[in-house]
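Visitor:
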Amino acid sequence: MTPLVLIASALIGFGPAPAGASSHREAPLISKDPSVDNTDTYAFVSPDAQSTVTLISNWIPFEEPGGGPNFYHFDDNALYNIKIDRDGDAKPDVTYEWTFRTVIKNPNTFLYNTGPIASPTSTTFNYTQYYTVTRYLGDNTDISGVRATNGTVLFGNKLMVPDNIGPRSTPSYEALAAQFINVGSGPANGYKEFTGQREDPFYVDVNSIFDLAGLRPFNSLHLIPLPNSTGLDSTAGYNVHSTIIQVPITELAPACPATGGATSTNCVVGVWSTADRPQVTTRGGILGITGEAGSGPYVQVSRLGMPLTNEVVLPLALKDAFNGLKPERDTPLFNGSLAGASLGTLAANSVTRPELQQLLPVLYPKAFRQTANSDGPVNLPALPRTDLLTIFLTGIPGVNMQANSGNPFDPATATKIASDQLRLNVAIKPTTGVCQGNRLGPLASSTAGEGSPDLAGFPNGRRLEDDVTDIALRAVAGGYGTTLAAAPFNLPNFTPGNLLNDGVSKNDKPCLSGFPYVGTPHQGYNRIHAAIYTALLPIAEKERGTGGTR
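Under the working numbering, the first residue of the sequence shown is numbered 33, with each subsequent residue one higher.
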């Protein structure tokens, strides 16, 4: 078999490339339904309000800023949710739900706005949406899709900020957007909330990654080599719509001790986002399609906890199923009791025998070796990968593992639960300053010029600055860095896996210095795509053959 045929054969079934775009259009069905496509979920202790946690879910991938005349909106028929698990049983203990209502003031014009929008009371703001945020103790829908009735309204009938159209329509945009920040009272005392358009804070070079899994800083080591170069930020210049809520820690983790809780499972919360649609959508009217209505039980159509799970980890056979699966069904899926042994094995192997790891020696044969050869010793972890199960499905012991979380494949912990959630230890203090954490979190290597390791970052929650693409690439390649290689973590740290990066080291726009933190959306009048930033230097010749540790 020729090298080109070998690559093609390996990439069949590879599905989306190693980093995809976090969760932008990550599965076949959701790629057709952008208004409920959850692109990214974030959870972090607020750097400037350390008694709170900020929860962010972004929706509607690749919003072209000049996308008039309708621009972008949430769906009135959908439920948008952020869910919290306090104990690792994979069931929500708290759910925050957003619902929307569209109001068009003047239907006799095609215009989104009929003049400059200067404030929330501007009569020129024509195509508006109002929304309500409701808190549920438990889930907001049961396993059959019936909606709960025990919710408490935290923010009711709030006007959503307009999109950033341009200097004539939305002058002084961030000053305008600041007027749409909601400060809670009553049952929402201590909360802040913001919903609406923001710039997409995720950064990744999918342009190269989708070209046969290329990483530009390592181009010369690819089986089809190209010149080494810096990365291209594929999401630069695009916007998303965000649901953002800042919550007192005492509400998220009430059993977390005020001091000394950094190793307590009571201080760890699991976070994930979902979108639900009614099972039946009806369209029609006297003049044709004049509207739509939903009926029947709700069906989960989008789900996101850990970034990249539905890109890097799961094959095409499971992508749509994952978006409809509640976390409480993850372990039954893995052990075969939910959908049979065949799919259970496929799901479990997707985590413990990752396809990307098996492709690395094929695509980068001079850099990666699953078995020793004339180029050098083994420098990829042995299979199966229980460390990836820990990172993706249980949390790291002593950092962000919960009381009921554990490896269900290990007889010693067979009653424990594995589920895909973004786990945050709220007792680990944040880095001082908004978006000032180390982009590589605990995987950073000070000896490689990457700064000090930072346990406040991903995979302990997820901050806006965290480079989840590089972190995930290094984890799959067994390059966890010196901090996580040491006791008590004892994770592998192979070279060159601990140097992997896509060449993009930061977002194209800065964070805001305060809530809602996510940067100002790109305006439609003058938008620019594809900013380029350097991450790390290309891998050195002398580092190709080293094996690292374990």
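We put the beta carbon where it would ideally sit given N, CA and C, even for glycine. Since the model is a prediction, treat every value here as computed from it, not as a measurement.
What is the DSSP secondary structure of Gly-302, reduced to helix, strand or coil?
Guide: Three-state DSSP puts Gly-302 in a strand.
Visitor: Pull up the distance between the alpha-carbon of Gly-99 and that of Leu-284, whole angstroms please.
Guide: 37 Å
Visitor: On a Cα-Cα basis, can you pick out the residue from His-273, Thr-552, Ala-518 that is closest to Met-192?
Guide: His-273
Visitor: Ordered along the chain, which non-local residues of its own chain (more than five positions away) have a Cβ less than 6 Å from that of Arg-309?
Guide: Ala-110, Val-331, Val-333
Visitor: Taking a contact to mean a Cβ-Cβ separation below 8 Å, would you say Phe-106 touches Tyr-144 in this structure?
Guide: no
Visitor: Tell me the DSSP bridge mates of Thr-156?
Guide: In the DSSP output, where bridge partners are listed per residue, Thr-156 has none listed.
Visitor: In the structure shown, what three-state DSSP assignment does Val-383 receive?
Guide: helix
Visitor: Among Arg-361, Phe-521, Glu-225, which one has its Cα closest to the Cα of Arg-335?
Guide: Arg-361
Visitor: Given a threshold of 16 other Cβ atoms within 10 Å of its Cβ, counted over all protein chains shown, does Asp-265 qualify as buried or as exposed?
Guide: buried
Visitor: Is the Cβ-Cβ distance between Thr-514 and Ser-477 less than 8 Å?
Guide: yes
Visitor: Would Ser-201 be called buried (16 or more neighbouring beta carbons within 10 Å of its own) or exposed?
Guide: buried
Visitor: Who does Pro-280 pair with in a DSSP beta bridge?
Guide: Thr-84
Visitor: Rounded to whole angstroms, how far is the Cβ of Gly-269 from the Cβ of Asp-117, which I believe are closer than 8 Å?
Guide: No, Gly-269 and Asp-117 are not in contact; Cβ-Cβ is about 35 Å, not under 8 Å.
Visitor: Which residue wins for smallest C-alpha separation from Asn-355, given the options Ser-305, Asn-381, Ser-374, Ser-369?
Guide: Ser-305
Visitor: Between the Cα of Leu-86 and the Cα atoms of Leu-346, Gly-546, Lys-123, which residue gives the shortest distance?
Guide: In the sequence on display, residue 86 carries Thr and not Leu. Considering only alpha carbons, the answer is Gly-546.
Visitor: Contact between the segment 408–425 and the segment 382–397: three or more CB pairs below 8 Å?
Guide: yes
Visitor: Going along the chain, which residues of its own chain have a beta-carbon closer than 6 Å to the beta-carbon of Ala-480, five neighbours each way excluded?
Guide: none
Visitor: Can you give the Cα-Cα distance for Asp-407 and Phe-400, rounded to whole angstroms?
Guide: Across the structure, Asp-407 and Phe-400 are spaced so that their CA atoms are roughly 9 Å apart.
Visitor: If you measure between the beta carbons of Ser-537 and Arg-494, is that distance less than 8 Å?
Guide: no
Visitor: By the three-class DSSP mapping on this structure, what secondary structure does Gly-326 have?
Guide: strand
Visitor: Which full runs of the beta strand (DSSP E) of 3+ residues lie inside the segment 211–290, going along the chain?
Guide: If we require 3 residues or more, the beta strand (DSSP E) runs fully inside the segment 211–290 come out as 224–231, 271–280.
Visitor: Going by DSSP, name the residue or residues bridged to Leu-169.
Guide: Residue pairing by DSSP puts Leu-169 in a beta bridge opposite Val-126.
Visitor: In the structure shown, what three-state DSSP assignment does Tyr-112 receive?
Guide: strand
Visitor: Straight-line CA distance for Pro-48 to Val-345?
Guide: Confidence in Pro-48 is poor, its pLDDT being 34 and thus under 50, which makes the residue's placement unreliable; the coordinate value appears in the next sentence. Their Cα atoms are separated by approximately 10 Å.
Visitor: List the whole-angstrom C-beta distance separating Gly-469 from Asp-442, where the pair is believed to meet the contact cut-off of C-beta under 8 Å.
Guide: Going by Cβ atoms, the distance from Gly-469 to Asp-442 rounds to 32 Å, so no, they are not a contact pair.
Visitor: Would you decide whether Glu-497 is buried or exposed? Buried here means 16 or more other CB atoms lie within 10 Å of its CB.
Guide: buried
Visitor: Can you tell me where the beta strand (DSSP E) with Leu-421 in it begins and where it stops?
Guide: Leu-421 -> not in any beta strand (DSSP E); alpha helix (DSSP H) instead, spanning 418–421.
Visitor: Please state if the CB of Ile-92 and the CB of Ile-277 are separated by a distance shorter than 8 Å.
Guide: Not a contact, by the Cβ cut-off of 8 Å.
Visitor: Name, in chain order, the residues that DSSP records as bridge partners for Glu-95.
Guide: Asn-271
Visitor: Would you mind giving the Cβ-Cβ distance between Leu-365 and Ala-379, rounded to the nearest angstrom? I have them listed as a contact below 8 Å.
Guide: 5 Å
Visitor: Following the continuous beta strand (DSSP E) through Lys-351, name the residue where it begins and the one where it ends.
Guide: Taken as a continuous stretch (DSSP letters only), Lys-351 belongs to no beta strand (DSSP E), being part of the alpha helix (DSSP H) at 348–356.
Visitor: Tell me where the beta strand (DSSP E) around Thr-479 begins and ends.
Guide: For Thr-479, no beta strand (DSSP E) segment is defined, and its DSSP state is neither H nor E.
Visitor: Could you check what DSSP says for Val-402 in three-state terms: helix, strand or coil?
Guide: The sequence given here has Gln at residue 402, not Val. It is coil, neither helix nor strand.
Visitor: Could you tell me the distance, in whole angstroms, from the CA atom of Cys-299 to the CA atom of Pro-462?
Guide: 14 Å
Visitor: Mind checking Leu-392: buried by the 16 CB within 10 Å criterion, or exposed?
Guide: Buried, since its Cβ has 16 or more Cβ neighbours within 10 Å.
Visitor: Using C-beta distances below 6 Å, list every residue in its chain close to Ala-42, excluding the 5 sequence neighbours before and after it, in chain order.
Guide: The pLDDT assigned to Ala-42 is 34, lower than 50, so where the model puts this residue is not dependable; a value taken from the coordinates is nonetheless given after this. Here the set comprises Leu-391, Val-394.
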